[in-house]
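S.K.: Chains A and B supply the protein sequences, listed in that same order.
If you use this note's numbering, the first sequence corresponds to residues 1 to 251, in order.
If you use this note's numbering, the second sequence corresponds to residues 252 to 433, in order.
Just passing along the structure, written as structure tokens.
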Amino acid sequence: MNNRLINWFKYASPQSFYPLAGKMIPWFVALATVFGAAGLWLGLAVAPTDFQQGEGYRIIFIHVPASWMSMFIYLVMAFWAALGLAYNTRLSGMMAQALAPTGALMAFLSLWTGALWGKPMWGTWWVWDARLTSELILLFLYIGFIALQAAIDDPRRADKAGAVLALVGSVNIPIIYFSVKWWNTLHQGASVSLNKAPAMASIMLWGMLLLALSFWMYSIAVALYRARTIMLERERGTEWVKEVLQREGAK
Amino acid sequence: MKARQKRIALILGGLAVLGIAAALVLNALNSNIAFYVSPTDVAAGKAPQGKAFRIGGMVKEGSLKREADGVTMSFIVTDTEKDLPVSYKGILPDLFQEGKGVVAQGKLADGRFIASEVLAKHDENYMPPEAAKAVGDAHERAAANKAKAEAAQGGAAAASAAPTATQPASQPATQPAAKPAY
Numbered sequence: 001m002n003n004r005l006i007n008w009f010k011y012a013s014p015q016s017f018y019p020l021a022g023k024m025i026p027w028f029v030a031l032a033t034v035f036g037a038a039g040l041w042l043g044l045a046v047a048p049t050d051f052q053q054g055e056g057y058r059i060i061f062i063h064v065p066a067s068w069m070s071m072f073i074y075l076v077m078a079f080w081a082a083l084g085l086a087y088n089t090r091l092s093g094m095m096a097q098a099l100a101p102t103g104a105l106m107a108f109l110s111l112w113t114g115a116l117w118g119k120p121m122w123g124t125w126w127v128w129d130a131r132l133t134s135e136l137i138l139l140f141l142y143i144g145f146i147a148l149q150a151a152i153d154d155p156r157r158a159d160k161a162g163a164v165l166a167l168v169g170s171v172n173i174p175i176i177y178f179s180v181k182w183w184n185t186l187h188q189g190a191s192v193s194l195n196k197a198p199a200m201a202s203i204m205l206w207g208m209l210l211l212a213l214s215f216w217m218y219s220i221a222v223a224l225y226r227a228r229t230i231m232l233e234r235e236r237g238t239e240w241v242k243e244v245l246q247r248e249g250a251k
Numbered sequence: 252m253k254a255r256q257k258r259i260a261l262i263l264g265g266l267a268v269l270g271i272a273a274a275l276v277l278n279a280l281n282s283n284i285a286f287y288v289s290p291t292d293v294a295a296g297k298a299p300q301g302k303a304f305r306i307g308g309m310v311k312e313g314s315l316k317r318e319a320d321g322v323t324m325s326f327i328v329t330d331t332e333k334d335l336p337v338s339y340k341g342i343l344p345d346l347f348q349e350g351k352g353v354v355a356q357g358k359l360a361d362g363r364f365i366a367s368e369v370l371a372k373h374d375e376n377y378m379p380p381e382a383a384k385a386v387g388d389a390h391e392r393a394a395a396n397k398a399k400a401e402a403a404q405g406g407a408a409a410a411s412a413a414p415t416a417t418q419p420a421s422q423p424a425t426q427p428a429a430k431p432a433y
């Protein structure tokens, strides 16, 4: 295993991942800021008004990136959960725990901006159609995951219970994504997908994609930041944490 | 190593079983998950009787009218196959337009849908108004060309078929123009 170019397993230990994460965070914050500023400028200042929704459509620049992130973060969380269950690595559980609040935030943003958008366009804040309902279930899954982990004192057991919940809940992700295809919904179909040309003017699309990138970078930065705190808290009895704290305290 | 492989298999197997179970449940609930039924479903008697439900489709072009009482709006919801007349007393959403999507909640009464709530359903296309106009114009030109070509062809066919035709000759001539552009 040692003759590999990079020993990936080295970073599976909190001790060596902690400083790496610390070095990566400023980069992701910077990228999030740059992409976010560019995306907002394109979306709010450059992109034209829409032919049927007027200026109101511009909430798409927050709504769609937040919705994408809410689904993607859940998949990443489920991935870490599966890794933790299979390989019994300490870091996996911490990563899953670190991602959950950001995922919940994204799901909430998606629902909230959706309600604000739905009122003027559809004529209602909320309907119980398949897309909206499954996204609400996603928010509840995130909250359930956070609550379950917080309810169990032993972190290793908390990780295991959370991991099972995260994996079970991952069934919901394809349901959210394909709900507008499989059933009649009030929510419109996907404007952007892999198997067809985007149904958006390209300048609008660019603004949205830049903001989606910005949301990615933000989510990574925040999750790493949270993971570092979790590492220190969970491993507080160990030598490396004492060393880190001494070093940080000396500064 | 053995135990780890077993755990991975267990996770994958569990996910597969869960996926199948979810698929079966959703399949069984299919009609309940649908947010609305189409006018074709209503015509086929699939709509719940005496209970509120939602219908969805397009507002038929030229069908939106204000009734004599001044507050009731009436329009026709169509899925291009079947039509359903709808009455609604209230304010229509901004995006409500002829030729655009609509979802209405209400009850059937003597073949008329009495709506208590009307929602606009917009599509997933976003573009500037100029682009939309260009697309619309091109669409109209294409439709006009097609109608012209069909009329020419239909006329020719009708002319050649006329001597042997046993059915009234007026039928093929009216056909091409009858279907509205969807």
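For every residue, glycine included, the Cβ atom is placed at its ideal position computed from N, Cα and C.
Please read these numbers as outputs of a predicted model, since none were measured by experiment.
With a threshold of 16 other CB atoms inside 10 Å of the CB of B/Pro380, please say whether the residue is buried or exposed.
M.R.: Stepping through the second sequence from its first residue, residue 380 of chain B is reached at position 129. B/Pro380 comes out exposed.
S.K.: Spell out the partners DSSP gives B/Ala371 in its beta bridges.
M.R.: Along the second sequence, read from residue 1 onward, the residue named residue 371 of chain B stands at position 120. Its beta-bridge partners are B/Val353.
S.K.: Cα-Cα, which of B/Ala360, B/Pro290 and B/Lys351 is closest to B/Asp334?
M.R.: The residue you call residue 334 of chain B lines up with position 83 of the second sequence. Among B/Ala360, B/Pro290 and B/Lys351, the Cα nearest to that of B/Asp334 belongs to B/Pro290.
S.K.: When burial is assigned at 16 or more other CB atoms within 10 Å of the CB, is B/Asp388 buried or exposed?
M.R.: Position 137 of the second sequence, counted from the start, is the residue given in the question as residue 388 of chain B. Classification for B/Asp388: exposed.
S.K.: Starting from B/Thr323 and walking both ways along the beta strand (DSSP E), at which residues does that stretch end?
M.R.: The count along the second sequence starts at 1 and reaches residue 323 of chain B at position 72. Thr323 to Thr329 is the span of the beta strand (DSSP E), which, as asked, contains B/Thr323.
S.K.: Quick check on the DSSP output: the beta strand (DSSP E) that includes B/Asp334 runs from which residue to which?
M.R.: Numbered from its first residue, the second sequence carries residue 334 of chain B at position 83. It spans Asp334 to Lys340 - the beta strand (DSSP E) in which B/Asp334 sits, taken as one unbroken run.
S.K.: May I have the straight-line CA-CA distance separating A/Asp129 from B/Asn283, to the nearest angstrom?
M.R.: As a working note, residue 129 of chain A is residue 129 in the first sequence. As a working note, residue 283 of chain B is residue 32 in the second sequence. When rounded, the distance between both Cα atoms is 10 Å.
S.K.: Taking 7 Å as the limit between beta carbons, can you name the residues of its chain near A/Glu233, skipping five residues before and five after?
M.R.: As a position in the first sequence, residue 233 of chain A is number 233, starting the count at 1. Excluding positions up to five away in sequence, the list is empty.
S.K.: Hey, out of B/Val310, B/Ser325 and B/Lys311, whose CA is closest to B/Arg317's CA?
M.R.: The residue given as residue 317 of chain B occupies position 66 in the second sequence. Of the candidates B/Val310, B/Ser325 and B/Lys311, the one whose C-alpha sits nearest the C-alpha of B/Arg317 is B/Ser325.
S.K.: Tell me which same chain residues have a C-beta within less than 6 Å of the C-beta of A/Val127, skipping the five on either side of it?
M.R.: In the first sequence, residue 127 of chain A corresponds to position 127, counting from 1. Here the set comprises Leu186.
S.K.: Taking B/Leu280 and A/Leu167 to be in contact with their CB atoms under 8 Å, please state how far apart those CB atoms are, rounded to whole angstroms.
M.R.: Taking the first residue of the second sequence as 1, we reach residue 280 of chain B at position 29. Taking the first residue of the first sequence as 1, we reach residue 167 of chain A at position 167. Contact flag wrong, Cβ pair sits at about 23 Å.
S.K.: Hey, out of A/Ala197, A/Ala100 and A/Tyr177, whose CA is closest to A/Ser219's CA?
M.R.: In the first sequence, counting from the first residue as 1, residue 219 of chain A sits at position 219. The shortest C-alpha separation from A/Ser219 is found at A/Ala100.
S.K.: Cβ closer than 7 Å: which chain A residues qualify as neighbours of B/Ile284?
M.R.: Numbered from 1 along the second sequence, position 33 holds the residue referred to as residue 284 of chain B. What B/Ile284 touches in chain A: Ala130 and Trp183.
S.K.: Whose Cβ in chain A lies nearer than 9 Å to the Cβ of B/His390?
M.R.: The residue labelled residue 390 of chain B in the question sits at position 139 within the second sequence. By Cβ distance, chain A contributes nothing, its closest Cβ being about 13 Å from B/His390, past 9 Å.
S.K.: Using the three-state DSSP reduction, which class does A/Ala190 fall into: helix, strand or coil?
M.R.: By one-based count along the first sequence, residue 190 of chain A stands at place 190. Here A/Ala190 sits in coil by DSSP.
S.K.: So which residues on chain D does B/Pro344 lean against when the C-beta distance must stay under 7 Å?
M.R.: No chain D appears in the structure shown, which is made up of the protein chains A and B.
S.K.: Apply the 10 Å Cβ neighbour rule to A/Gln52 and answer buried if 16 or more other Cβ atoms are within range, or exposed otherwise.
M.R.: Along the first sequence, one-based indexing puts residue 52 of chain A at 52. Under this definition A/Gln52 is a buried residue.
S.K.: By a C-beta neighbour count over all protein chains shown, 10 Å radius and 16 as the cutoff for buried, is A/Glu248 buried or exposed?
M.R.: Here residue 248 of chain A corresponds to residue number 248 of the first sequence, with the count starting at 1. Answer is exposed; the Cβ neighbour count stays below 16.
S.K.: Kindly provide the ranges of any alpha helix (DSSP H) runs that are 4 or more residues long and lie completely inside the segment 13 to 100 of chain A, ordered along the chain.
M.R.: For the segment 13 to 100 of chain A, whole alpha helix (DSSP H) runs of length 4 or above, ordered along the chain, are 14 to 40 and 60 to 87.
S.K.: Rounded to whole angstroms, what is the Cα-Cα separation between A/Leu138 and B/Asp292?
M.R.: For the purposes of this step, residue 138 of chain A is identified with residue 138 of the first sequence, where counting begins at 1. For the purposes of this step, residue 292 of chain B is identified with residue 41 of the second sequence, where counting begins at 1. Their backbone Cα atoms lie some 31 Å apart in a straight line.
S.K.: With B/Glu231 and B/Val310 assumed to form a contact (beta carbons below 8 Å), what rounded beta-carbon distance in angstroms separates them?
M.R.: Nothing can be reported for residue 231 of chain B: it is not among the residues displayed for chain B, which extend from 252 to 433.
S.K.: Please look up how many angstroms separate the CB atoms of A/Gln15 and A/Trp240, rounded, as I've assumed it's under 8 Å.
M.R.: The residue you call residue 15 of chain A lines up with position 15 of the first sequence. The residue you call residue 240 of chain A lines up with position 240 of the first sequence. Sure, about 4 Å apart at Cβ, within 8 Å.
S.K.: At a Cβ cut of 7 Å, what residues of the segment 334 to 365 of chain B count as close to chain A, listed as they run along the chain?
M.R.: Per Cβ criterion, the list reads Pro344, Asp345, Leu346 and Val354.
S.K.: For A/Ala82 versus B/Tyr377, is the C-beta spacing smaller than 8 Å?
M.R.: As a first step, residue 82 of chain A must be located in the first sequence, where it is residue number 82. As a first step, residue 377 of chain B must be located in the second sequence, where it is residue number 126. No, these two residues do not count as a Cβ contact at 8 Å.
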